[in-house]
Amino acid sequence: MFDDTPGDALTTVCEKNVSRREFIKCSALLGGSLAAASYLIPLMDGGERGMAFADDLMGNAYTHHLPENQIFSACQQCNTQCGIKVKIQDGVVKKIDGNPFSPWCMTPQIPYTTPMTEAATIDGSLCPKGQAGIQALYDPYRLVKVLKRAGKRGENKWQIVSFDQAVTEITAGGNLFGEGPVEGFKDICTLKDPGVAKALSEDAAAVAAKKMTLEDFKTKHAANLAYLIDPDHPDMGPKNNQLCFMWGRLKDGRGDILKDFFGKALGTVNTHGHTTVCQGSLYFTGKAMSDQFIEGKWDGGDKFYWQADTGNAEFVIFVGSNPYEANYGPPLRIQKITEGVVDGRMKIVVVDPRCSKTASRAWKWLPVDPINGVTGVAMGMIQWILENKRFDARYLQNANKGAAKADGEPTWSQAAWLVKIGENGKPGKYLRGSDLGAEIEKRPRAKAEDGEWEFDAFVTLSNSQPVLFDPNSETVPAEGELLVDTEINGIRVKSVLQIIRETANARPLKEWAALAGIDPDDIVDIAKEFTSHGKKAVADIHRGVSQQTSGFYNVLSWYTLNALIGNTGWQGGLSKSTTYDRMGSRPGKPYDLGKIWKKAIKGWGVSTIRHGVAYDKTTLFDGYPSKRTWYPFCSDIYQEIIPSIGDQYPYPIKALFLYMGAPVYSLPAGHKLIEILSDTKKLPLFIVSDIVIGETSMYADYIFPDTTYLERWEFAGSHPSVAPKVFPIRQPVVAPLTETVRVFGEDVPLNVEAFVLGVAEKLNLPGYGKDVFGPGQNMTREEDMYLRMVANVAFGDKEDGSDKVKAASEEEQQIFDKSRKHLPKTVYDLERWKKIIGPELWPHAVTVLLRGGRFQAYKDAYKNDQLANQYNKLIGIYMEKFVTTKHSMTGKSYLPHADYVACPADCTGKLIDDKSQGYDMTMITYKTITQTKSRTSGDYWLSAVYPENFVEISSHDARRLDLHSGDRVKVVSASNPDGVWELGFGSLIPMIGKVKVIEGIRPGVMAFSLGHGHWGYGARPVVIDGVTIPGDARRGAGFHANAAMRVDPVLKNTTLCDTVGGSAVFYNSQVKLMKV
Amino acid sequence: MARILPGEDLLIRMQRDLKRSLAADMSSIKWSMIIDQAKCAGCHACTIGCVSENKLPPGVVYRPVIEEEVGTYPNVRRRFLPRPCMHCQNPPCTKVCPVQATYQNQQGVVVVDYTRCIGCRYCLVACPYSARTSDFGEWYTTDTPDAEGKMVGRAKASESYEAIPATEYGKQWPKRGHGSPVGNARKCHFCLHRVAVGMLPACVTTCVGRATFFGNRNDSQSLISELLGSPRVHRLKEELGTKPSVYYLQ
């Protein structure tokens, strides 16, 4: 794992100022050992440099290549989170390049043992947004002091207030805006006693489960009913839940601090991320598919997904994913694709209505219909593969772990499991041993104190005989027949693969092709190719698949297709992300960081977005449909947070804290949020952490300026296509531009951590202050948490410490300190940092910090044709849980397997037909590589390349509509017939863009790229302390048409949504283009 | 059998090639660039990487990427053409310079001596590849607000990323507005300031698709020499006889 090489000593010798003859001697000594740490000939010093060129043109003022002028960190211009190497001069960021230690920036990356003196001269690749990060840091419109609104919400009139005043007002409440009393955090978060919380929570659950009457509950808890939002519905939880925390881009470390602050210290259950605006249904299909059979229940699924092991696949179908422009692609994946395609390893297919840059390099570009197209292709392929017996039968026959192990397969599936068929012919629950008269076995639980559980075997058919098996048994392998439709003991049963086969056979192949809008021969061609590379073929799917009203089933169909060749966990197949542990709860780790929450309460109750719970299992159940959709199988449903506040369902929210989010700009139909955010009755207190006044933060009561990604900490995590185990570190590289504030008696930069610490101090919350990690170990500054996490990662994941990284040499420790000399004491203090980590681990932590994280070697990520960081679990393709759970809008059970589900549908499943009303174009969006949705419009280098976006249509439609490139058109839709954003106070922004006629788009489809057409973020004037600060037109160039996306006709204040996987819908809206 | 994984990124090989050339006879070096259009992802990282490396002002771009669409639906693809200075071996631009400020250096790189350039712009017109632009002294931050004490403001932004010129040609140039390179003709110089310390040009290292290659074409062991043996090699406007040192793979 750790790349130890003998090269270091030699390098040290060679690094000194040596003559050229000595160079050659050193090189000879190293011989051909290029893998050794010093595989580049050391660079020449200044004197020799001048001589070398023998040209008086050249000077030697360039110093960016010296290690003391560099800090390695992680980018956040988008969520690819590439490694970066930041070059600093006089305390200012001068240049940003890719981190050569990071697998994001080089394939393979340089060995982890490469000395910093050498790594300093090697730049990895970085995309244009990453290069322009300098302008995000030094953005003239960045906020530096706390703002409080001085006018009405959204009027964009502000006053500067002190940090202390703002924190005091937010915690204490009062008549803060001269509009009447507002409750502060102290009034909302009243339940603090963990014992009381536990007792209330358990009995509230009993009431919801009808195991306790409401009367008994009220009698028993009479003294504590005041803590509840509604004593008549105790399962809604405590009033603390009326504080809601929502976030946009938040990664580990900072995520731990914020989520624990709201969820544990303040005790609200309402901490919700933004997953569904990105690719929620992808994540939550992954969660459903990763549920395992644990002690009698389907449970333990992870919110995650898989991507192609891009650098080793021989055939990849990119479906609704565009790694050349977005999709965690550049620089992580592009190199692997270009080298693969051009140098002959790989062939790719792109399924996308638009000829993306990725499609430009594809063997086949399939311009599918955005409505129902991607499932049409999947169903057609499944049909062809099953009917032509091109699936991996050996893999699919494995019904349990033992059978998979015997075949050397990392995973197994339910393909051969038998399912009972109901009288209506629909598949239901699995056939179990008890159905065949077998005895139910009592087994002890993993935790002995929890007693026993009842094991009822699953059944497969082998040699026409039912075979009972345990899915998790490693010792008794079970294999079964794949295409079964029979009766056993009078029970009609089918195998899971048979059910999928019948689903795919619901239409002939040419009808699936017609649904997709492509040639059936193309489906056959790609199905053939997909099944011609063993495990090295893979379908890599993303937003185009998930952001539809049928997102969950689209994703499940494509992942089922991958399951047919059993490519998960294989080199060149499906891969998942793996990171080093930072929390330290395992034995042997230096710091157990979770222990500080022992005295905190555990948040409980139904969340405001009604996730993870079925409607009919709560006290709010009052027949179907429910007032708004409930989401038993997903979380972080971004488009539901503010609209639920608007409907005060299931209960009112009193304060909302938004971190690094731009829901008004980024969500489909985001315009519907403006009215709710402007209403101080429905949302009495709205606090935002932002770096600039954006389209959403302009409606805030308080804006707390944050530090940018170049001034702060965070741990960037990984992506599924990254096969090595990693832990990228974002750390402060320059002095923060925000003001300095005081918390717990310490000077710290104004940022979101300061907000957390400030509130914690005022309210005396548990988990903060002196000695919380142990005597002399405080939590009074941000790095108290972050540095301990770094120490945990430097230590590694083996109890005996054998996974620890090598200690930094004395020289590297000096480089570390020198490269941070420009940082102020509020951020960096060598002695303080050393003390937090401890003298023993400090040199090891320096190794990790210097390299911008910890990265496993590329070659060590693969073993025997498989991924070293394995999944090793059941791949679920038939979700029994879905059969037994009811949809809150229909009262019907959920479909448990891959299938074609028609789009676009409202939240009750009813199809929407705007096309027949004259809305003749389907609108889709995409990401250009130069823009992130909401935070790059101030990067002027980027706008120089691509100043504005366009209404992109095909030449076919241009002729039909008599439109030409350069014409201006207004985008209107059934739910926004005026084609405008209403900002309040009479301010209207029409959605008018310039037409660009292209060939590379399916006729009937209109596309626009996201990131332009801003009205906040410095595009329009704001008033601070009575002074008008003018806007900059460059930041508002182009247009933004999200407000034309379809509003759900039933819910009326949010976008169309996948009610199963939670995705906000970007690709199912019909629009009309009106020439202006 | 496990697949053979790549042992090193091509950037590492090219950097090793470069250092080998620097360590040998300097006079035998002919720096060249190859751009593989099939590998170019049209990402513009090179354009912005160059702008950032050389702190180029509005209107000055050394390495644009030209995008075009070819074909008719559904038989359509997009093509990208990164266009640095061609560093012609027979450069038309140097011949028209009245003060010999621009010339081909010993390693075949067409350079501009800012201290001699009088800004006449003859060379801009002479270049058949439009590879030269004039620095009119513009600023990206001109129209941004001062907003002193309320926001970061214009002064801080411009001081941080515009006021101090990059160390092109390894030299520290005066603060922007007080002389060269404002008023001069500006162009790609293969990042000689980086090459001098053993580093590849910024457009090469930042190339996300690994489509840009750099090295000494007189070194037969170098990757660039290997690639020059490809039947896909061509040069832009070969018919003009300019003999570019920048080659393309189609």
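So the sequence lines, in the order shown, correspond to chains A and B. My numbering applies: residue 1 is where the first sequence begins, and numbers increase by one. My numbering applies: residue 1077 is where the second sequence begins, and numbers increase by one. All residues carry an ideal CB built from backbone N, CA and C; glycine is no exception.
Residue closest to residue i, alpha-carbon to alpha-carbon, out of the options
i	options	result
T826/A	K762/A, L841/A, G425/A, G745/A	G745/A
V1273/B	Y1245/B, P1320/B, S1256/B	Y1245/B
E339/A	F1212/B, T1288/B, V1185/B, M1275/B	T1288/B
T1281/B	I84/A, L225/A, T922/A	I84/A
Y324/A	T80/A, V374/A, A514/A	T80/A
I1142/B	P1257/B, S1296/B, S1206/B	S1206/B
L461/A	P1030/A, T114/A, V496/A, D967/A	V496/A
S635/A	S1063/A, V484/A, S689/A, L332/A	S1063/A
G1255/B	F1212/B, N1292/B, R1139/B	F1212/B
L1312/B	P1320/B, G1229/B, D1295/B	P1320/B
S955/A	E948/A, P947/A, H964/A, N949/A	H964/A
G296/A	I488/A, D187/A, F185/A, G433/A	G433/A
L593/A	G569/A, N489/A, F773/A	F773/A
G180/A	D860/A, V1065/A, K681/A	K681/A
Endpoints, beta strand (DSSP E) assigned at residue i
i	result
I687/A	685-690
D299/A	297-299
F245/A	243-247
Range of the contiguous alpha helix (DSSP H) that encloses residue i
i	result
E1235/B	1229-1237
L461/A	Taken as a continuous stretch (DSSP letters only), L461/A belongs to no alpha helix (DSSP H), being part of the beta strand (DSSP E) at 458-462.
P552/A	Checking the sequence, you will find Phe at residue 552/A rather than Pro. Counting along the chain, the alpha helix (DSSP H) containing F552/A begins and ends at 551-564.
L137/A	133-137
L1086/B	1086-1099
S1024/B	Examination of residue 1024/B is not possible in this model, given that chain B is present from 1077 through 1326 alone.
Span separating the alpha-carbon of residue i from that of residue j
i	j	result
Q182/A	K148/A	Note that residue 182/A is Val in the sequence shown, not Gln. The straight-line gap from Cα to Cα measures roughly 14 Å.
Q414/A	K287/A	16 Å
D164/A	E783/A	21 Å
A1078/A	P1250/B	The shown model of chain A, from 1 to 1076, leaves out residue 1078/A, and the question about it has no answer.
A807/A	H844/A	4 Å
V341/A	T608/A	47 Å
E22/A	W842/A	Low confidence applies here, because E22/A scores a pLDDT of 40, under 50, leaving its location unreliable; read the following figure in that light. Approximately 35 Å, taken between the alpha carbons.
M236/A	A226/A	13 Å
I499/A	Y699/A	51 Å
D1189/B	R1208/B	14 Å
Q1165/B	L1157/B	21 Å
C278/A	H272/A	14 Å
Minimum Cβ-Cβ distance from residue i to chain B less than 8 Å
i	result
S585/A	no
S954/A	yes
K1092/A	Any answer about residue 1092/A is impossible in this case: the structure gives chain A only from 1 up to 1076.
D920/A	no
V144/A	yes
S893/A	no
G59/A	yes
T11/A	Low confidence applies here, because T11/A scores a pLDDT of 33, under 50, leaving its location unreliable; read the following figure in that light. No, because no Cβ of chain B sits closer than 8 Å to the Cβ of T11/A.
H611/A	no
Whole-Å CB distance - residue i paired with residue j, under 8 Å assumed
i	j	result
T908/A	P625/A	6 Å
T268/A	C244/A	7 Å
A308/A	T560/A	Not really, about 16 Å apart at Cβ, beyond 8 Å.
Cutoff 8 Å: residue i Cβ touching any chain A Cβ
i	result
S1104/B	no
I1124/B	yes
C1193/B	no
Y1198/B	no
P1167/B	no
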